[in-house]
Amino acid sequence: MTKNFLFAGLLLVIAMSACSSRQAYEAMQTRERNECLTVPESQYQECMERTTRSYDEFSRERENLKK
1 MTKNFLFAGL LLVIAMSACS SRQAYEAMQT RERNECLTVP ESQYQECMER TTRSYDEFSR
61 ERENLKK
């Protein structure tokens, strides 16, 4: 519950500060990487692998889904 609240707060701060989409995405990636520091060591590598997609890759995939 607390994580969801923090996540929502982060999104609100990002939206209010008029960040670009790239900056917002990179902030979320940083948050995810920080979360990986809290998981058990056996799950750390898998967690970090989920945070390696660049903004450009994300953007291309998002555009493809819109089609």
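For the sequence shown, the working numbering begins at 1 and goes up steadily by one. Beta carbons: idealized from backbone N, C-alpha and C, even for Gly.
Check, Outcome
"Extent of the continuous alpha helix (DSSP H) to which Arg-33 belongs", "21-36"
"CB contact flag (Glu-32, Arg-50, <9 Å)", "yes"
"Inter-residue spacing [alpha-carbon to alpha-carbon] between Tyr-55 and Lys-66", "16 Å"
"Bounding residues of the alpha helix (DSSP H) (the contiguous stretch that carries Ser-42)", "41-49"
"Buried versus exposed, by CB contacts within 10 Å (16 or more), Tyr-44", "exposed"
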